[in-house]
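Residues 575 to 745 in this note's numbering are what the sequence shown lists, from first letter to last.
The C-beta atom is built at its ideal place from N, Cα and C for all residues, glycine as well.
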Amino acid sequence: MIGVDCRTNSVATVAYYKFIQQFVLIGDSGVGKSNLLSRFTRNEFNLESKSTIGVEFATRSIQVDGKTIKAQIWDTAGQERYRAITSAYYRGAVGALLVYDIAKHLTYENVERWLKELRDHADNNIVIMLVGNKSDLRHLRAVPTDEARAFYRFITLSGVSVCLFNFNFPL
């Protein structure tokens with residue numbers, strides 16, 4: 575698609591997207607949501623990343639079945655004080671990555687609360703992926719893989735479609 579850049583009046587090629595899909599990253603503060611987003615959209619990782627304030631987002635074009643899809647990924651703040659703001663971004667999302675830190679059991683314990691929040695504010699057909707992040711900290715693992723798999727099976731039997739991954743986001 576050809577367009578005109580209004581700032582310079584020059585002709586520019588504009589990417590055409592057949593579909594634009596919204597995804598949300600949710601979970602406790604410090605579990606690595608912002609770095610998952612950064613790695614996926616810019617192939618960058620920041621060891622010194624700061625807590626997200628409110629909501630941030632980035633996009634990435636991906637090819638699925640020969641179609642170009644623009645994925646809008648919303649990185650929500652994990653702190654309680656931003657909950658009213660961030661839950662508004664669940665509506666309209668086709669997917670959610672529910673992230674916990676494998677080295678911090680409390681972040682895993684809070685997964686059920688995040689699931690409830692998704693059920694309360696997201697569309698009923700949202701696809702949810704449970705992501706055990708920071709697998710490079712295996713030696714500090716506080717959430718046994720078997721425990722996470724058992725929870726995954728329990729949730730699946732409760733009618734929520736969930737996938738389990740233990741990874742630092744691969745490209």
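Report the rounded CA-to-CA distance for A632 versus P718, giving the unit in angstroms.
Spanning the two alpha carbons is a distance of roughly 32 angstroms.
K644 lies in the beta strand (DSSP E); which residues open and close that run?
Taken as a continuous stretch (DSSP letters only), the beta strand (DSSP E) holding K644 covers K641 to T650.
Could you check whether V673 and G604 sit closer than 7 angstroms to each other, using their CB atoms as the reference points?
Not in contact: G604 and V673 (Cβ atoms no closer than 7 angstroms).
Would you tell me roughly how many angstroms separate the C-alpha atoms of I643 and G706, rounded to the nearest one?
The straight-line gap from Cα to Cα measures roughly 26 angstroms.
If I'm right that F619 touches R634 with Cβ under 8 angstroms, what's the distance once you round it to whole angstroms?
Between R634 and F619 the Cβ distance is about 15 angstroms, and since that is not below 8 angstroms, they are no contact.
Determine the direct distance from the alpha carbon of I594 to that of T650, and round the result to whole angstroms.
Using only the alpha carbons, I get a separation of about 19 angstroms.
Since I700 contacts A670 with CB under 8 angstroms, what's their CB separation in whole angstroms?
Going by Cβ atoms, the distance from I700 to A670 rounds to 6 angstroms, so yes, they are a contact pair.
If we call anything under 7 angstroms between Cβ atoms a contact, is K708 one with D675?
Yes, Cβ-Cβ distance for K708 and D675 is below 7 angstroms.
Taking buried to mean at least 16 other C-beta atoms within 10 Å of its own C-beta, is I729 buried or exposed?
Buried: at least 16 other Cβ atoms inside 10 Å.
A632 by DSSP, collapsed to three states: which one?
DSSP places A632 in strand when its eight states are reduced to three.
Go to D697, then tell me how far its alpha helix (DSSP H) extends in each direction, as first and last residue.
No alpha helix (DSSP H) contains D697, which DSSP labels as neither H nor E.
Does the Cβ of L680 have 16 or more other Cβ atoms within 10 Å, making it buried, or fewer, making it exposed?
With fewer than 16 Cβ atoms within 10 Å of its Cβ, L680 is classed as exposed.
Could you tell me the boundaries of the beta strand (DSSP E) in which L671 lies?
Here the beta strand (DSSP E) through L671 covers G669 to D675.
Residues in the same chain with beta-carbon distance under 7 angstroms from A645, minus the five sequence neighbours each way, listed in chain order, please.
Counting only Cβ-Cβ distances below 7 angstroms, and skipping sequence neighbours, we find Q595, F597, T633, R634 and I636.
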